[in-house]
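Residues in the sequence shown are numbered from 1 upward in steps of one, following our numbering.
A short worksheet on the structure shown next.
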Amino acid sequence: MYELLKKIDGPDDVKKLSQDELKLLASEMREALFNRLTKIGGHFGPNFGMVEATIAMHYVFNSPKDKFVFDVSHQSYPHKMLTGRRNGYIDDEHFFEDSGYTNPEESEHDFFNVGHTSTSIALALGLAKARDLKHDNENVIAVIGDGSLSGGEAMEALNVAGDMDSNFIIVVNDNEMAIAENHGGMYENLKELRISNGKSSNNIFKAYGLDYIYEEDGNDISKMIEVFKKVKDCKHPIVVHIHTQKGKGYELAEKNKENWHWTMPFDRETGKPTFDFGNVKSYTEMTVDFIMDKAKKDKDFFVITPAMPGAIGLSREQRLELKDQYLDVGIAEEAAVAIASGAAKNGAKPLLVTNMTFIQRSYDQISQDLCINNNPVTMVMNYSSFDGLTDVTHLGIFGLSAFSNIPNLVVLAPTSAEEYLNMLEWSTNQRQHPVMILIPGNEVSHRSADVDFSDINKFKMEQKGEKTAIIALGDFYQRGEELAKEINAEFGYTPTLINPRFASGLDEEMLEELKKEHSLVITLEDGIIEGGFGQKIASYYGTSDMKVKNYGLKKEFYDRYNPEELLKELEMTTSQIIDSLR
């Protein structure tokens, strides 16, 4: 197996193959993708659809002199196989040597560590600008999926590219999908271009001032080689619009593109996950149930998402059932926040859902369009936890420090299923504040919870004790419970345990009360310490005799770490905290 792939040490080896051998190589590369993805999971559909185009790119161009920039770069697995990293796909022992995205630390053929979308055209424009300043002559190629075109950064960069007069190649991989279906007016034009075989006079790319060429069969290696030869060394910006099949080569993925965009480890014969999630209802399932029930009861309520219905597992069937109470704005977090703010201003009850790592791109809109105007939008963020997504491009651990310091924004950190659902209900009904709710990243837990959170920044003392007070935020509350039990067992006294609930402010009355019978406050938070929740507590006690110990993550770009090992490294395990107290 992998007779040809094992001989590919770099792009030069691809250029030596015949057309028949290139087709065989494509087949072996798909087998290698199966080998990796069935065992450790990853992005399935984007990579299976890009095999042929990637082979053709490396056959025609001369990487790394000619520079490829992949958008999101979750479709770069075939590129990695052809640039000396095949072992990450054919040898199980080497799986974790390669990230799921392009990474300059891995190879000279990668120029950026990229995991967010709509960025490749702008990044590649920078490479091209520097090339022109140096009077060099290499090709610069940006690869972007059609779904990514809906992002503002992509459209801004297309506008800049249209003003260029030197080599710049934009490969638009049109598989008619984002993660879910595409939304927005531009996709009608892409459809028109596909139907007309690229001949339609109505052409969004030409409107930007770009040259244009279309290839209907983006999964035909010989045709892709032909089209890339036509544009190689061109002296002006040009869009190469290719039509590919997402998930090509696996019938289940071809038929259900959304579910096979990314996958957990799975059985190849059945397509079923080999990872057991258990029978406990997850926080995302609870969110979907809440949304569907709320939409039926309240016609002013609607869900808005920047192409991320999967952030809470909202299926296509459920989206269709919601009808006008669902709005997907495409990959446009900035627009999503501003639209939600406008809707709230006019009496609607918007619930914005996405992942924490993506909402960071709309910091300005949250601050300016939403919070200055103090409009009652609810934003539900998934994967804000340190043990959620661990790729450096998808970390959610910076969200607390980023958003908890914006005036008027109430950031809620629930500690249980009941508290989470009650916060959702309260937030979507109240009309006083913009609210961000962090979906817990730990196992679902159940405890009774308040239903009204109108008393902003009011902490909840779950256990009254002495000497030591543990203030454990959000999904670290259970760690606080464990620590409280160990302190009692080890030192013979009952510490105070506090569920702060609010990550964006302080309960100064309770903090003052703690001074009477406590000499130490321990804070636990699922985020970086700098600018985070614990530092607010430490700052408050700065002029008093109260000692404060903050436990959280360092301000670092962690990458593909083991969460439990990271806790040990940071001396945050319960036993390590007990040792520190001792």
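Each residue gets a CB set at the ideal place from its N, CA and C atoms; glycine is no exception.
Looking at residue 283: is its Cβ nearer than 7 angstroms to the Cβ of residue 439? yes
Along the chain, where does the alpha helix (DSSP H) that runs through residue 38 open and close? 19-40
Roughly how many whole angstroms lie between the Cα atoms of residue 87 and residue 81? 8 angstroms
Assuming residue 146 and residue 182 make a contact with CB atoms under 8 angstroms, what is their CB distance in whole Å? 7 angstroms
Would you mind giving the Cβ-Cβ distance between residue 336 and residue 305, rounded to the nearest angstrom? I have them listed as a contact below 8 angstroms. 7 angstroms
For residue 65, tell me which candidate among 116, 398, 12 has the shortest Cα-Cα distance. 12
Whose C-alpha, out of 360, 155, 144, is nearest the C-alpha of residue 175? 144
Quick one, which of 250, 522, 152 has its alpha-carbon nearest residue 477's? 522
Burial state of residue 276 (16 or more Cβ within 10 Å): exposed
Using a threshold of 7 angstroms, state whether the C-beta atoms of residue 142 and residue 170 are closer than that. yes
Report, in whole angstroms, the separation of the C-beta atoms of residue 242 and residue 53, which I expect to be a contact under 8 angstroms. 6 angstroms
From residue 325 to residue 309, what distance separates their C-alpha atoms? 13 angstroms
Which same chain residues, not among the five before or five after residue 159, have their C-beta less than 8 angstroms away from its C-beta? 208
Taking DSSP as the reference, what is the three-state secondary structure of residue 386? coil
Between which two residues does the beta strand (DSSP E) carrying residue 1 extend? Premise fails: residue 1 is in no beta strand (DSSP E) and is neither H nor E.
Considering just the uninterrupted stretch of the alpha helix (DSSP H) at residue 400, what are its terminal residues? 399-403
Excluding the five sequence neighbours on either side, which residues of its own chain have a C-beta within less than 6 angstroms of the C-beta of residue 454, listed in chain order? none
Got a sec? Which residues, its chain only, sit under 8 angstroms from residue 60 by beta carbon, not counting five neighbours each side? 225, 228, 229, 232
Anticipated Cβ contact below 8 angstroms, residue 249 with residue 30, distance rounded: 5 angstroms
I'd like to check one pair, residue 177 with residue 41: are the Cβ atoms closer than 7 angstroms? no
Residue 551 to residue 451 span [Cα, whole Å]: 29 angstroms
Beta-carbon contacts of residue 520 that lie in its chain and below 6 angstroms, excluding the five residues immediately before and after: 468, 547
Measuring CB atoms only, is the stretch 204-220 touching the stretch 352-370, in the sense that at least three cross pairs come out at less than 8 angstroms? no
Tell me, to the nearest whole angstrom, how far the beta carbon of residue 78 is from that of residue 51; I am working on the premise that it is less than 8 angstroms. 5 angstroms
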